[in-house]
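Engineer: Submitted below is the structure of interest, expressed as structure tokens.
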Amino acid sequence: MPEAVLREQFGHASFRGGQREVVEGLLDGRSMLAVFPTGGGKSLCYQLPALMIEGVTLVVSPLIALMKDQVDALRARGIGAARLDSSLSQEEYAAVMGGLRDGSVKLLYVAPERLANEGFRQRLRRMRIGMVAIDEAHCISEWGHNFRPDYLKLAKLCRDLGVPRVLCLTATATPAVAADIRREFGIAEGDHVQLSFHRDNLDLRVSPVAADGRKALLLRRVEAVEGAVVVYVTLQQTAEEVATFLKKNGVSAQAYHAGMPPEFRAAAQEGFMAGSTRVIVATIAFGMGIDKADIRAVFHYNLPKSLENYSQETGRAGRDGKPSVCEMLACGDDLVTLENFIYGDTPTPEAVRHLVDHVLRLGTGFDVSVHELSTVNDIRPLVVTTLLTYLELEGVIAATRPFYSRYSVRLLRDFEQLLAGYDARRKGFLRKIFAAAKEGRSWLTFEVDRVAMETGEDRDRIVRALVHLEEAGDVAMKKGGVRQGYRLLREDVRVREVAERLDERFRRREAADLDRLREVVELAEQGGCLTGFVTAHFGEEIGACGHCDRCRGKAPEPLPRSPVPEVAAEDLALIQSLRAEGHAALKSPRQLARFLCGIGSPAASRARLYRHDAFGLLERVPFGEVLALAGELP
20 MPEAVLREQF
30 GHASFRGGQR
40 EVVEGLLDGR
50 SMLAVFPTGG
60 GKSLCYQLPA
70 LMIEGVTLVV
80 SPLIALMKDQ
90 VDALRARGIG
100 AARLDSSLSQ
110 EEYAAVMGGL
120 RDGSVKLLYV
130 APERLANEGF
140 RQRLRRMRIG
150 MVAIDEAHCI
160 SEWGHNFRPD
170 YLKLAKLCRD
180 LGVPRVLCLT
190 ATATPAVAAD
200 IRREFGIAEG
210 DHVQLSFHRD
220 NLDLRVSPVA
230 ADGRKALLLR
240 RVEAVEGAVV
250 VYVTLQQTAE
260 EVATFLKKNG
270 VSAQAYHAGM
280 PPEFRAAAQE
290 GFMAGSTRVI
300 VATIAFGMGI
310 DKADIRAVFH
320 YNLPKSLENY
330 SQETGRAGRD
340 GKPSVCEMLA
350 CGDDLVTLEN
360 FIYGDTPTPE
370 AVRHLVDHVL
380 RLGTGFDVSV
390 HELSTVNDIR
400 PLVVTTLLTY
410 LELEGVIAAT
420 RPFYSRYSVR
430 LLRDFEQLLA
440 GYDARRKGFL
450 RKIFAAAKEG
460 RSWLTFEVDR
470 VAMETGEDRD
480 RIVRALVHLE
490 EAGDVAMKKG
500 GVRQGYRLLR
510 EDVRVREVAE
520 RLDERFRRRE
530 AADLDRLREV
540 VELAEQGGCL
550 TGFVTAHFGE
560 EIGACGHCDR
570 CRGKAPEPLP
580 RSPVPEVAAE
590 DLALIQSLRA
600 EGHAALKSPR
610 QLARFLCGIG
620 SPAASRARLY
630 RHDAFGLLER
640 VPFGEVLALA
650 GELP
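Listed below in structure tokens is the structure:
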């Protein structure tokens, strides 16, 4: 039966490795974990059984572009698939919900963040859900390499909804992370299907190189390869610099990073996919969902953050099965930058305690802006979201719904003409709320809570009226100021105890991320098979691969590192002068150390301190040394 669906709906004559076991397990009603390396055919594992299982299959995926591509491909095959994301119009959203009600939608793709909406969760409770498929499932584990807080709530949600089967999919689960996933979703060890991480067409290489010789070495390597090449870097600025260097030396290259305008990023990706651009120089923003089979080389210009990142990124080479090169241009100078990213995400104990205390004083029903909490508490936005998720998991608060606090409208026709079609009561209502809006040159801004308070009108009624005017073509509208609603579930919370537990979680997380970075250095400097070292990280022992640098007899070398600069007397004087200025954003030793290492923070940004001569003064000094120095200052 599955084979018939495989042929008729997907056009494949047979299953690839591991797919049959996963599909048959799901059809038997069991939850499954599929750990397939990049390009291993994970999507079919839920797309096929979704057509054979009663009810809708909910697919949780972290990337809108990837969801769109998969939905478009399924619809082209005549399969009822849809997505719910922030890019949909009101009409498109209504059409999707209609398809769910009449059964024409069999696969619904959503981002994990949508599940923070209590209204959407209530809708899910009214649906018949046959299966939940969770892509990038390593994100549910705190010890996964790119943890996303909203993933932590998925296991509880599936239990609350009574989902009969769950499929967890990932390309990068270590044995510890896989055990975490199985425990959270009640997956039997025998229902964990894992494919080999060894691909014998990939030639793993490590070339230790000093920082000042890296560009020249990269150019030689790129010129020695025919075909498409991906160069991975850490920083957006490095992507631009390296792409410009390659172009000046006659190589067809483009940068790709999250700081580029979306249209530039799309053009760079399209040029690379079409073959008009041979080399893409990218941060890790590039790669998710990239399905280009003929990438002949992946170069790591900077050290990857972890072996999981390394495996994902090298796994994009040679998907057509032809020989491909994966080379790390390994320089120890990268470690300071990568460590600083890790340290920058760890909040101070005082900030954690302040945020917890603040949130728990907001009442039984409240809403917060992540941006505002970030700025006030000097905690990065993603870390604020993580803290709120931890409070949910501790049973202290529950998310209700996200909403916009600000609507800006521009009239597309005369206001009196706009009112002409309404009765007297409706006209009076519209005049009242428009009179309370803040008037700009072209746009009227509705701070909805303020307008509701001033006019005495219901908040939801104001929003519905503005949406109706937009749908009628009477106004253009922009939304902003996202806030997330919560309910307080417990009032007997000991703030200090909760804050200490959460702070300890962040300390453990920081230590785990630093360990991951050390494993990358160990890979580069150890004397055994490179491929075997990587596969062992994922619980697979292969011995020697026979086709990497070490197996060819290339001896390991320590990574070159530039000497750590000493803190000069004039530097110390500048730091003491900065401390004497008494900036609240630099009050604790950790805040000051981050600033001196050039690590951005919400409070320093709000205080506009980044033009200060001391910002980034010690960026080449390891964070631990700078933190010790900051702690010794009077």
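Going by the working numbering, the first residue of the sequence shown is number 20, and it counts up by one from there.
C-beta atoms are modelled at their ideal positions from N, C-alpha and C, and glycine is treated no differently.
Keep in mind it's a predicted model, so treat the numbers as computed, not measured.
(1) DSSP state of M279, grouped into three classes?
(2) Which same chain residues, not among the five before or five after S620, have their C-beta less than 6 angstroms away from its C-beta?
(3) Is V115 closer than 8 angstroms to V129 when the C-beta atoms are compared?
(4) Tell me, which residues are paired with A190 by DSSP?
(5) Please state whether DSSP places G551 in a helix, a strand or coil.
(6) Runs of 4 residues minimum, wholly inside the region 58-98: which ones carry the alpha helix (DSSP H) assignment?
(7) Which residues bound the beta strand (DSSP E) around I452?
(8) Let me know the secondary structure DSSP gives H211 once reduced to three states.
(9) In whole angstroms, what separates the C-alpha of R239 from that of L348?
(10) Give the list of continuous alpha helix (DSSP H) stretches no shorter than 4 residues that lie fully inside the region 347-410.
(11) With three or more beta-carbon pairs closer than 8 angstroms as the criterion, would you say the region 256-264 touches the region 273-287?
(12) Residues in its own chain within less than 8 angstroms of K266 by CB, not counting five upstream and five downstream?
(13) Have a look at T189, E541 and E516 and flag the residue whose alpha-carbon is nearest the alpha-carbon of T57.
(14) Could you tell me if E332 is buried or exposed, where buried requires 16 or more neighbouring beta carbons within 10 angstroms of its beta carbon?
(15) Give me the Cα-Cα distance between L430 and T464, rounded to the nearest whole angstrom.
(16) Can you check which of these residues, S50, G60 and L46, is closest to S33 by C-alpha distance?
(17) Can you tell me which residues form a DSSP beta bridge with I314?
(18) In angstroms, rounded to a whole number, what distance separates the CA positions of I452 and C64?
(19) What is the DSSP secondary structure of R39, reduced to helix, strand or coil?
(20) May I have a chain-ordered list of the alpha helix (DSSP H) segments no shorter than 4 residues that lie completely inside the region 104-168?
(21) From the DSSP output, in three-state form, read off E466 for me.
(22) Can you give the Cα-Cα distance for G290 and A370, rounded to whole angstroms?
(23) Kindly indicate which three-state DSSP category Y505 falls into: helix, strand or coil?
(24) Can you tell me whether T302 is helix, strand or coil according to DSSP?
(25) Cα separation between L186 and V196?
(26) Let me check understanding here. Comparing Cα to Cα, which of G440, P368, A626 and R218 lies closest to R524?
(27) Using a Cβ-Cβ cut-off of 8 angstroms (strictly less than) and excluding sequence neighbours within five positions of E529, which residues of its own chain qualify?
(28) With a cut-off of 8 angstroms on the beta carbons, I'd call S343 and R315 a contact; round off their distance for me.
(29) Which of the three DSSP states is assigned to C616 in this structure?
(30) Quick one: Cα of R478 to Cα of R445, how far?
(31) Kindly list the residues whose CB is nearer than 8 angstroms to the CB of R515, restricted to its own chain and excluding five residues on each side of it in sequence; keep chain order.
(32) Would DSSP call I561 helix, strand or coil?
(33) What did DSSP end up calling D590 once you bin it into helix, strand or coil?
(34) Do R201 and L52 have their CB atoms nearer than 8 angstroms?
(35) If you pair each beta-carbon of the region 327-341 with each one of the region 537-555, do three or more pairs fall below 8 angstroms?
(36) Measuring straight from C-alpha to C-alpha, what distance separates R502 and I561?
Structural biologist: Reading it off the structure:
(1) Taken through DSSP and simplified to helix, strand or coil, M279 comes out as coil.
(2) D397 and R613, listed in sequence order.
(3) At a Cβ-Cβ threshold of 8 angstroms, V129 and V115 do not count as neighbours.
(4) None; A190 has no bridge partner.
(5) Under the three-state reduction of DSSP output, G551 falls in the helix class.
(6) Fully enclosed alpha helix (DSSP H) runs of 4 or longer: 63-69 and 83-95.
(7) Unbroken run through I452 is the alpha helix (DSSP H), A443 to A455; no beta strand (DSSP E).
(8) The answer is strand: DSSP assigns H211 an E or B state.
(9) Rounded to the nearest angstrom, the two C-alpha atoms are 12 angstroms apart.
(10) As far as the region 347-410 is concerned, its whole alpha helix (DSSP H) runs of at least 4 residues are 353-363, 368-379 and 389-396.
(11) Short answer: they touch.
(12) So the list reads A272, once near-sequence residues are dropped.
(13) Minimum Cα distance to T57 is reached at T189.
(14) By the Cβ neighbour-count rule, E332 is buried, with 16 or more other Cβ atoms within 10 Å of its own.
(15) Cα-Cα distance, rounded: 12 angstroms.
(16) Residue G60 is the option with its Cα nearest to S33.
(17) Among the bridge pairs identified by DSSP, I314 is matched with A247.
(18) Here the alpha carbons of C64 and I452 stand approximately 52 angstroms from one another.
(19) In the three-state reduction of the DSSP assignment, R39 falls in the helix class, which pools H, G and I.
(20) As for any alpha helix (DSSP H) of minimum length 4 sitting wholly inside the region 104-168, the runs are 109-121 and 137-145, ordered along the chain.
(21) E466 falls in the strand class under three-state DSSP.
(22) Cα to Cα, G290 sits roughly 45 angstroms from A370.
(23) In the structure shown, Y505 sits in a strand (DSSP, three-state: E or B).
(24) Three-state result, T302: coil.
(25) The straight-line gap separating the alpha-carbon atoms of L186 and V196 is approximately 15 angstroms.
(26) In terms of CA proximity to R524, P368 leads the group G440, P368, A626 and R218.
(27) Its chain contains I361, Y362, D364 and T365 as the residues whose beta carbon lies nearer than 8 angstroms to that of E529, once the 5 sequence neighbours on both sides are disregarded; these appear in chain order.
(28) Yes, S343 and R315 are in contact; Cβ-Cβ is about 5 angstroms, under 8 angstroms.
(29) DSSP places C616 in coil when its eight states are reduced to three.
(30) Computed Cα separation, rounded: 16 angstroms.
(31) Hits under 8 angstroms: R372.
(32) Coil.
(33) In this structure, D590 counts as helix in the three-state DSSP scheme.
(34) Taking the C-beta atoms as reference points, L52 is found nearer than 8 angstroms to R201.
(35) Verdict: yes, contact present.
(36) Taking the straight line joining both Cα atoms gives about 50 angstroms.
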